[in-house]
Every structure is written in C-alpha cells, then in structure tokens.
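Structure record follows, encoded as structure tokens.
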Amino acid sequence: MSSNNYKLELILKNNNGKEIDLVYSVYELLESAGESAPILLKKFLDSSPLMNQQEKKGKVLISDSIFRERKDKVALFVDDWLESTIKDSPSENEFYRKLWEFIQDNKSFRGKNNKIIALYLIWMDPRIPYFKLKPGLKMSNEVFSKICEEIDTELLKARFTLYSRYEQRPEEASVLLSLMNELESQEEKAVLLAYIIRSVEIRTLKQLVRTKGSFSGI
16 MSSNNYKLEL ILKNNNGKEI DLVYSVYELL ESAGESAPIL LKKFLDSSPL
66 MNQQEKKGKV LISDSIFRER KDKVALFVDD WLESTIKDSP SENEFYRKLW
116 EFIQDNKSFR GKNNKIIALY LIWMDPRIPY FKLKPGLKMS NEVFSKICEE
166 IDTELLKARF TLYSRYEQRP EEASVLLSLM NELESQEEKA VLLAYIIRSV
216 EIRTLKQLVR TKGSFSGI
C-alpha cells in the first residue's frame, strides 16, 4: 500500500469531526499527492459518505456559516460540470483526471475553502462514484408511442402493481420483473421500464405533496 493510500485510510477511519472537515483533510492530502492525485481522488470518492455515523466533536476546519454562505453558488458550478462531463462519457480514469483539474483550476473556486466545499458536494452527489456505462437504447417518439399501444395491458398491470401494497420491496420488484420477462423484445422491455421509472417519480412526488400538506395543516 502506498503512503498516500495509507494516509487516506487513516483520515477516513479516524475522522472525529464533521464530514466537511474530513473532506478538508482529504483535500490537503490530494494537494500534496502530485501526479497521483486523480487516482487518490477516485479512491476517496469510491468510499461511501459517512452520513450515518454519529457526529463527534472535533477541530472545526470550515465553519457552518462559511459552508452555508458558499454552498449554493459552488453547487451550481459542480452540477453543471458533472452534467456536461458525464454526458461526454469519458473513461473512468479520464473522468477523475478532469475532475481534479476542475477542482484545482476553476477560477470560480477562489480560495481553498471553495475548493473543499466543491469536493464535499461532489462526494455527496448520487452520480459519484462515476461509471462508464454502455450506451442506452434510443427511439423516436413515434416508435415509443407505438410500443406503448402494443403493450398497453402490461403498462396497466405495472401501474396496478406500483399502487398496490406489498409487505416487502423485493416482493413488488419480483412482480414487476415477471411482467418484464413476459415481453419478447428489448424495445418492449425498455418502454415498460421507462413507464415504471416515470410512475415511481410521480408516486414519490404525490407522497411529498401529501406530506407537505399534512405539515401545513391541509
């Protein structure tokens, strides 16, 4: 194990403060890592954020007020960069090389604290760790509509399943998987899955609205 890898493991293992302060320590290590920084960055971002660990009292390296003041502005640049770069589908090694350059060279991240906040937000982003995946299936709106008509019964069954009550998520998922396996072509399966994803999004939105309404006394 290299010295930098060992140091990173120690930082992750022995953190006794807030996650943003852990990221501060990681950033300082990356700064000193030279050409191996992108590899070390990948190793760090492959680790899971410590959201469920009990927060301990430790040395405060970035105050809550500074984090709140700068977070939203930094997040805009981070989100734009991730969206455009992921769309280009670089290799995993190239992605982390570009990511380190982005953190280091972006003129909008003036000062060390902004760079550390950017690294923190990247670590927390659900698109991290990054994977280079195979291209997905694309089709025209006309073809999509035609397949929807052809598998109308399966779409209705999927909607019924999603709005029925199951004791366990694997139980619900297995019913949906059976529906998908009944279809013959990849195109039909992709359309059914697209419908399921969209239905889950709508269901989640309705639940959020209902929860918000209950808190506001509606």
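First residue of the sequence shown: 16, per our numbering; consecutive thereafter. Where a beta carbon is used, it is the ideal one built from N, C-alpha and C, also for glycine. Given the structure is predicted, the values throughout are model-derived calculations rather than measurements.
Fill in: Extent of the continuous alpha helix (DSSP H) run through Glu98
79–103
Item to complete: Provide the residue span of the alpha helix (DSSP H) that contains Tyr39, from first to last.
Response: 34–46
Practice prompt. With Ile143 as the anchor, note down where its alpha helix (DSSP H) starts and where it stops.
Written response: From DSSP, Ile143 is part of no alpha helix (DSSP H); its letter is neither H nor E.
Worksheet item: Is it the case that the Cβ atoms of Ile77 and Asn128 are separated by a distance below 8 Å?
Response: yes
Practice prompt. Would you kindly report the start and end of the unbroken alpha helix (DSSP H) that includes Asp120?
Written response: 107–120
Practice prompt. Run the CB neighbour count on Leu97, radius 10 Å, all protein chains shown included, and call it buried at 16 or more, exposed below.
Written response: buried
Worksheet item: Nearest CA to the CA of Lys204: which residue from Arg218, Gly151, Ile217, Gln183?
Response: Gly151
Fill in: 7 Å CB neighbourhood of Val215 in its chain, flanking five on each side removed
Leu177
Worksheet item: By Cβ distance, which residues of its chain are closer than 8 Å to Cys166, with the 5 residues on each side in sequence left out?
Response: Correcting the residue identity first, residue 166 is Ile in this sequence and not Cys. If we look at Ile166 and ignore the five residues flanking it on each side, its Cβ neighbours are Leu198, Glu203, Val206, Leu207.
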